[in-house]
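Following: one structure in structure tokens, then a few remarks.
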Amino acid sequence: GFFVVLALHGLAKYAAKPKLRSYLLALAAIGLGAAVKYTPLALCAPALALRAWTLRRVGTARIAADAVGSVAVVLAFFFAGSPYFFLDFPTAMSFLADVKRINMGFTLGPFHHLGSLSRAVGVPLFVAALAGLAMQLLRPSAARIVLAGSAVLYYALIAKGGQPYIRYVVPLVPLAALG
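In terms of this note's numbering, the sequence shown opens at residue 12 and continues consecutively.
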């Protein structure tokens, strides 16, 4: 949860005022967070999209090169936090296969975590968060798209993962408060 919130902070700062420092903070948090738990990887797409949007006037070749550099930064911080993923890659792949097999045992609907989130923040804040999400999507700006897109992608990731635990919605609570 901490690294997701830190990455969102960096992305929101970058969306408001495009400074490389804020963007690199977000990438570092995504990489370090992914070393601990896979869920921060949901923020890669919004981060890359936001960066491409701010660089839209420099051309596609520069945007593509920047995207490769951004992924390299995330991987470098992931390696710093979890070097044995790369140093013992066959074991890491075996572990991921086991995790996938275990997760297939859960049969949750796509709305299970919405119930968890409503219990975590309370029904009034949950309803306000859904209204805020809709408002963010109806009045788009770079910051709103990043925050709303991150929430939607993160939710899709945890819903697809099939884990039934309420702790997976914790990183959504600050986003709900912003709604």
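Glycine residues also receive a C-beta, built at the ideal position from the N, C-alpha and C atoms.
The straight-line gap separating the alpha-carbon atoms of Ser-81 and Arg-62 is approximately 9 Å. According to the DSSP assignment, Gly-143 belongs to the alpha helix (DSSP H) that extends over 134-149. Counting only runs of 4+ residues, the alpha helix (DSSP H) found wholly inside the region 57-141 occupies 71-92, 95-98, 100-114 and 123-132, in chain order. Assignment of Tyr-49 by DSSP, reduced to helix, strand and coil, places it in the coil class. Ser-93 places its beta carbon 7 Å or farther from that of Ala-37. Contact check for Ala-40 against Phe-14 passes: the beta carbons are separated by less than 7 Å.
In terms of Cβ geometry, Leu-22 and Ala-58 form a close pair [threshold 7 Å].
Just so you know, the alpha carbons of Gly-70 and Ala-56 end up roughly 19 Å apart.
Shown here for Val-184: same chain residues with a beta carbon closer than 8 Å to its own, the five before and five after excluded, namely Leu-128, Ala-131 and Val-132 in chain order. In this structure Ala-76 is exposed. Its beta-carbon is surrounded by fewer than 16 other beta-carbon atoms within 10 angstroms. For the pair Ala-154 and Ala-27, the CB atoms are nearer than the 7 Å cut-off.
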